[in-house]
Each structure stands twice: as structure tokens, then as C-alpha cells.
Amino acid sequence: HAGAIWQPLAGRPVLFELARALAEAWPGDVDRHVLIARAFRTRHPDETHRARLRVEIGRLRALAAPLARIEASANGFVLKPLTPQDERAVVVLIPPIDGDQASLLALLADGAAWSTSALALALGASQRTVQRALVELEAAGRVRAIGRARTKRWLSPPLAGFTTNLLLPASLPLT
3 HAGAIWQPLA GRPVLFELAR ALAEAWPGDV DRHVLIARAF RTRHPDETHR
53 ARLRVEIGRL RALAAPLARI EASANGFVLK PLTPQDERAV VVLIPPIDGD
103 QASLLALLAD GAAWSTSALA LALGASQRTV QRALVELEAA GRVRAIGRAR
153 TKRWLSPPLA GFTTNLLLPA SLPLT
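Here it is in C-alpha cells:
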């Protein structure tokens with residue numbers, strides 16, 4: 003959004019991903035192959051993907067018209083201000099937890115120990131899918147496991163440098 007102008011893209015994931023890629027690269031351009039890979043989640047683009055990219059960029063241009071221009075560059079596309087005098091910077095606001103396992107990390111952030119089956123039930127996913135994600139997150143150091151086999155529980159790692167008593171409020175003296 004810019005000022006009072008707001009364009010919601012929540013129901014349009016392809017346009018959202020294209021807008022995010024262009025904004026993250028601002029003031030530079032984004033290669034067509036990168037846009038295709040991010041928006042359509044494919045590594046081997048063909049002519050149909052290039053045609054679909056042109057269509058989606060056209061839709062994004064129409065939506066972004068009151069906010070900015072999207073121009074073709076030698077390599078791909080670039081986000082430009084409406085007027086050359088416009089000196090506002092492009093800022094991308096992303097959730098603090100972003101990525102494929104964001105909802106899993108959000109559940110673990112409460113500090114409680116979760117079983118794989120409870121996480122799968124809360125996420126509406128299979129236990130095996132959740133197990134794979136937890137193994138990846140554990141390898142990256144973003145979660146930790148306690149227990150073994152059926153008693154295994156998953157936690158988010160403790161905050162480094164903080165002890166619990168530093169986070170608790172001091173008791174007030176009784177007078």
C-alpha cells in the first residue's frame with residue numbers, strides 16, 4: 003500500500019509472489035526465470051510458463067497502477083515509481099516466521115512440548131509430513147526433541163541469553 007491506497011493480494015498467491023519478488027529486488031530488476039520459479043514453483047520453465055508470466059505481470063500492472071509501474075527490462079521486470087520525482091522507498095514487510103514450516107514453528111513457539119500426532123492434528127497434515135518437517139527443522143537447529151519413540155516431544159529452542167526470571171515481572175512490595 004502507499005498512503006491511503008491499498009491493494010489486497012491475499013486471495014491471489016501468484017500476484018503476491020510476483021509483487022514480493024519485485025519489491026525485494028527494488029530498485030533492481032528480477033530475471034524472468036526467477037519470477038517463474040518463485041510464482042509457479044517450477045525449475046524447468048517452458049513457453050507456457052513464459053506466456054503465463056506475461057499474463058500475470060499484466061494483471062499485476064493493472065492492480066499496481068495507482069501505486070507503481072512495472073516495466074520490462076533486458077533480463078526480466080523492474081518495479082518503478084509512478085513519477086521520477088517520487089523518492090519513496092519500497093519496503094517489504096514479512097512475517098517474523100516465514101517459509102514452508104511457518105505454521106509448525108508458530109505452534110511450537112508457545113513453549114509447550116508437542117507430540118508429532120498433536121502437531122499433525124493441529125495442522126491438518128499427516129504425521130509423516132510433520133515428521134519430515136520436524137527433522138529438517140531439527141537439522142537447522144530451529145526445534146529440539148526430548149524423549150524417544152512414542153514419548154518424543156518437540157519444543158522450540160530456548161532464547162539464547164535470556165533466563166526465565168529475566169522475563170518475569172518483579173513482585174511488588176506489600177505496604
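For what it's worth, this note's numbering labels the leading residue of the sequence shown as 3, then goes sequentially. Glycine residues also receive a C-beta, built at the ideal position from the N, C-alpha and C atoms.
**OP:** Report the rounded CA-to-CA distance for LEU139 versus VAL145, giving the unit in angstroms.
**Re:** Against the sequence shown, residue 139 aligns to sequence position 137. Against the sequence shown, residue 145 aligns to sequence position 143. Answer to the nearest angstrom: the Cα atoms are 6 Å apart.
Original post:
Contact between the stretch 8-25 and the stretch 63-75: three or more CB pairs below 8 Å?
Top reply: The stretch 8-25, when compared against the stretch 63-75, does touch it at the 8 Å Cβ threshold.
**OP:** Give the straight-line distance between the Cα atoms of ARG150 and GLY126, rounded to the nearest whole angstrom.
**Re:** Reading the sequence shown from its first residue, position 148 is the one you call residue 150. Reading the sequence shown from its first residue, position 124 is the one you call residue 126. Using only the alpha carbons, I get a separation of about 24 Å.
**OP:** Taking VAL94 and ALA25 to be in contact with their CB atoms under 8 Å, please state how far apart those CB atoms are, rounded to whole angstroms.
**Re:** The count along the sequence shown starts at 1 and reaches residue 94 at position 92. The count along the sequence shown starts at 1 and reaches residue 25 at position 23. Indeed, because the Cβ distance is near 5 Å, the residues count as touching under 8 Å.
Original post:
Beta carbon of TRP116, beta carbon of LEU110: below 8 Å?
Top reply: As a first step, residue 116 must be located in the sequence shown, where it is residue number 114. As a first step, residue 110 must be located in the sequence shown, where it is residue number 108. Between TRP116 and LEU110, the CB-CB gap stays under 8 Å.
**OP:** Could you round the C-beta distance between LEU11 and GLY78 to whole angstroms and report it? I think they count as a contact, below 8 Å.
**Re:** As a first step, residue 11 is located in the sequence shown; it is residue number 9 there, counting from the start. As a first step, residue 78 is located in the sequence shown; it is residue number 76 there, counting from the start. So it is not a contact: roughly 19 Å between Cβ atoms.
**OP:** Counting only the same chain and skipping the five closest in sequence on each side, list residues whose C-beta sits under 7 Å from that of THR44.
**Re:** What you label residue 44 is simply residue 42 of the sequence shown in a count that begins at 1. Hits under 7 Å: ILE38, HIS51.
Subject >> Opening and closing residue of the beta strand (DSSP E) in which VAL80 lies >> reply: Here residue 80 refers to the residue found at position 78 of the sequence shown. Where VAL80 is concerned, the enclosing beta strand (DSSP E) stretches over 78-83.
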